[in-house]
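> Numbering (our numbering), first residue to last: 1028 to 1428.
The beta carbon of each residue, even a glycine, is placed where N, CA and C say it ideally should be.
Being a predicted model, the structure only gives us computed values, none of them experimental.
Before I ask anything, here is the structure I am working with.
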Amino acid sequence: DRKLMILTPERAREPRGIDVRIGHEVTEIDPTAQTVTVRRLATGEMLIQPYTKLVIATGASAARPPIPGLALPGVFTLRALADGQRIFHYIAEAQPARAVIIGGGYIGVEVAEALRDRKLAVTLVEMLPQLLPNFDAEMVEEVAAHIAEQGVQVLTEQRVNAITDAGDHLQVVLANGETLPCELVIVATGVRPNRELAAAAGLKLGKTGAIWVDAHMRTSDPNIYAAGDCVEHYHIVLGENAWIPLATSANKGGRIAGDNISGNPATFPGIAGTAVVKVFDYTMSVTGVTEQQAVRSWKWGQAGEGIGTALVNAWEKAGYWPGAEKIAVKLVYAKATGRILGGQIAGKAGVNKRIDIIATALSVGMTVETLGMLDLSYAPPYSPTYDPVQVCANVAARGSE
């Protein structure tokens, strides 16, 4: 549906004066000649387009794991609007009764909800020990149980070996030999950066495999910029580049690139990986690093001995107020300094904007002591006198050195 598009080609051309050429594929970048080779898909005609400055915004593509059967009818990946349209039309035409989702990350759980809304029987398969692996395990337990309560069969620590055609239906074959009959398979095993054009042009790739850019969004060629899900960014907690493809950083990176190209110097301050996801009646949010990620980084001790954590369940508004819910808040911090390293929040209400408090604290290097004493607003319909984030921060402050 074109109404879902934030910017159509027509709106880009008319008010903004942008020469938009859809149906054209860039096949090669020549940094020396400062040209790109373009194929017009409708005719196959090849064109040479010169540039003064170039922006690579090739995004990311759905990861396709090495599973036999991905090309079978009824098997889909989900990344772009066109993918969603294909799935929508398939459901309308084939009327599937059963679906298997491979991958239990953000996309996987959101698709599970959408398919349950359409009354499909849904099985969600994740090869790791927990759903939503970008969160610590204890933050996911209640949400995973809630997903199961909504009629989704959840299978963790299960690897898919193949997808086969059984005639009138598909079968997802697990490594343990179990088969899952279905008529629809959604593969949601993550994404990968579209870096091929940049790599072929000799541009530097980062340690994550995405395109390297500096704080001005310049690549290793001073006349070529890159922005969006194809690039890695400086992580303000880890102190090194990371690839976390999110719409917020993609949008900001594009703006920074445009500002610099047009002569308005600007820098990208870095990312914290702040994200939020709706999971049926729950909301999950995260920023910075989780406890697992902090330990794996080795930046706070080889076994994470320099990491402190606090986890509380607190009222998101005054406990006596009608409809009040308890939410789980977890903070990760450096024991030696009390500096906040990350936060996670889960619950049915009051989650999505509270994570932004923690994200703001991260951006200025705030400690748990300072966060606990922030002058936040209070009124019984909206929060208790001590916000849940501050309750958690004060618990953490007692454990920091």
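#1: Please say whether PRO1407 and ALA1345 have beta carbons closer to each other than 8 Å?
#2: For a minimum of 3 consecutive residues, which ranges assigned as the beta strand (DSSP E) are wholly contained in the stretch 1249–1284?
#3: Should ASN1287 go down as buried or exposed, given a rule of 16 or more other Cβ atoms within 10 Å for buried?
#4: First and last residue of the beta strand (DSSP E) that includes GLU1153?
#5: With distances taken between CB atoms, is the gap from VAL1199 to VAL1181 smaller than 8 Å?
#6: Anyone know if the C-beta pair for GLY1210 and ARG1125 falls short of 8 Å?
#7: So what does DSSP say about THR1397, is it helix, strand or coil?
#8: Kindly indicate the opening and closing residues of the alpha helix (DSSP H) around THR1387.
#9: Which stretch, first to last residue, makes up the alpha helix (DSSP H) that contains ASN1203?
#10: In its own chain, which residues sit with a C-beta less than 7 Å from the C-beta of THR1412, not counting the 5 before and 5 after it?
#11: Expressed to the nearest angstrom, what Euclidean distance is found between the alpha-carbon atoms of ALA1087 and VAL1258?
#12: Give the range of the alpha helix (DSSP H) segment to which PHE1162 is assigned.
#13: Using alpha carbons as the reference points, say which of ILE1263, LEU1403, GLY1050 and ILE1238 lies closest to TYR1252.
#14: Distance, Cα to Cα, ASP1402 vs ARG1381?
#15: Suppose you measure from the CA of ALA1141 to the CA of PRO1292; what does that come to, to the nearest Å?
#16: For THR1394 and ALA1355, what's the separation of their Cα atoms in angstroms?
#17: According to DSSP, simplified to helix, strand and coil, what is PRO1220?
#18: Counting C-beta neighbours from all protein chains within 10 Å, is the total for PHE1115 16 or more, i.e. buried, or is it exposed?
#19: Are the stretch 1276–1290 and the stretch 1230–1248 touching by the rule of at least three beta carbon pairs closer than 8 Å?
#20: Give the secondary structure of GLU1037 by DSSP, where H, G and I count as helix, E and B as strand, and everything else as coil.
#21: Can you check whether the CB of LEU1097 is closer than 8 Å to the CB of ASP1192?
#22: What are the start and end residues of the beta strand (DSSP E) that includes GLN977?
#23: Where VAL1359 and TYR1078 are concerned, what is the direct C-alpha to C-alpha distance, given to the nearest angstrom?
#24: Helix, strand or coil for GLU1055 per DSSP?
#25: In angstroms, rounded to a whole number, what distance separates the CA positions of GLY1436 and ARG1040?
#26: Per DSSP, GLN1122 forms a beta bridge with which residues?
#27: Determine the direct distance from the alpha carbon of GLY1365 to that of ALA1423, and round the result to whole angstroms.
#28: Go through its chain and collect everything with a Cβ distance to THR1310's Cβ below 6 Å, but skip five positions before and after it.
Answer, in terms of the structure:
#1: Taking the sequence shown and counting its residues from 1, one reaches residue 1345 at position 318. Taking the sequence shown and counting its residues from 1, one reaches residue 1407 at position 380. Yes; because the gap between Cβ atoms is below 8 Å, this pair is in contact.
#2: Runs of the beta strand (DSSP E) inside the stretch 1249–1284: 1251–1253, 1260–1262 and 1267–1269.
#3: Position 260 of the sequence shown, counting from 1, holds the residue named residue 1287. The C-beta of ASN1287 has 16 or more other C-beta atoms within 10 Å across all chains shown, which makes the residue buried.
#4: The sequence position of residue 1153 within the sequence shown is 126, counting from 1. Where GLU1153 is concerned, the enclosing beta strand (DSSP E) stretches over 1148–1153.
#5: As a working mapping, residue 1199 is identified with position 172 in the sequence shown. As a working mapping, residue 1181 is identified with position 154 in the sequence shown. It is not a contact, given that the beta carbons lie outside the stated cut-off.
#6: As a working note, residue 1210 is residue 183 in the sequence shown. As a working note, residue 1125 is residue 98 in the sequence shown. A quick correction: the sequence has Glu, not Gly, at residue 1210. A Cβ-Cβ contact shorter than 8 Å links GLU1210 with ARG1125.
#7: For the purposes of this step, residue 1397 is identified with residue 370 of the sequence shown, where counting begins at 1. Secondary structure at THR1397: helix, using DSSP grouped into helix, strand and coil.
#8: Within the sequence shown, residue 1387 is the residue found at index 360, counting from 1. Counting along the chain, THR1387 sits inside the alpha helix (DSSP H) bounded by residues 1381–1390.
#9: Taking the first residue of the sequence shown as position 1, residue 1203 is located at position 176. It is not in any alpha helix (DSSP H) - ASN1203 carries neither H nor E in the DSSP assignment.
#10: Numbered from 1 along the sequence shown, position 385 holds the residue referred to as residue 1412. For THR1412, the CB contacts under 7 Å within the same chain, skipping 5 residues up- and downstream, are TYR1405 in chain order.
#11: On the sequence shown, position 60 is the one that residue 1087 refers to. On the sequence shown, position 231 is the one that residue 1258 refers to. Straight-line Cα distance between these residues: approximately 9 Å.
#12: Locating residue 1162 in the sequence shown gives position 135, counting from the first residue. First-last for PHE1162: undefined, no H or E at that position.
#13: Translated into positions along the sequence shown, residue 1252 becomes position 225. The option with the nearest alpha carbon to TYR1252 is ILE1238.
#14: Translated into the one-based positions of the sequence shown, residue 1402 becomes position 375. Translated into the one-based positions of the sequence shown, residue 1381 becomes position 354. C-alpha separation (whole angstroms): 14 Å.
#15: In the sequence shown, the residue the question calls residue 1141 occupies position 114. In the sequence shown, the residue the question calls residue 1292 occupies position 265. Distance between the alpha carbons of ALA1141 and PRO1292 is about 43 Å.
#16: Walking along the sequence shown from the start, residue 1394 turns up at place 367. Walking along the sequence shown from the start, residue 1355 turns up at place 328. Here the alpha carbons of ALA1355 and THR1394 stand approximately 20 Å from one another.
#17: Here residue 1220 refers to the residue found at position 193 of the sequence shown. PRO1220: strand per DSSP, three-state reduction.
#18: By one-based count along the sequence shown, residue 1115 stands at place 88. With fewer than 16 other Cβ atoms within 10 Å, it is exposed.
#19: Taking a cut-off of 8 Å on C-beta distances, the stretch 1276–1290 touches the stretch 1230–1248, as three or more cross pairs fall below it.
#20: Position 10 of the sequence shown holds residue 1037. GLU1037: helix per DSSP, three-state reduction.
#21: Residue 1192 sits at position 165 when you count from the first residue of the sequence shown. Residue 1097 sits at position 70 when you count from the first residue of the sequence shown. No, they are not a contact pair.
#22: This structure does not reach residue 977, given that the chain is present from 1028 up to 1428, and the question cannot be answered.
#23: The count along the sequence shown starts at 1 and reaches residue 1359 at position 332. The count along the sequence shown starts at 1 and reaches residue 1078 at position 51. Taking C-alpha positions only, VAL1359 is separated from TYR1078 by approximately 46 Å.
#24: Mapped onto the sequence shown, residue 1055 falls at position 28. In the structure shown, GLU1055 sits in a strand (DSSP, three-state: E or B).
#25: Absent from the structure is residue 1436, since the part of the chain shown begins at 1028 and ends at 1428.
#26: As a first step, residue 1122 is located in the sequence shown; it is residue number 95 there, counting from the start. Bridge partners of GLN1122: none, in fact.
#27: One-based indexing of the sequence shown puts residue 1423 at position 396. One-based indexing of the sequence shown puts residue 1365 at position 338. Between the C-alpha atoms of ALA1423 and GLY1365 there is a straight-line separation of about 8 Å.
#28: Here residue 1310 corresponds to residue number 283 of the sequence shown, with the count starting at 1. Contacts found: VAL1378 and ASN1379.
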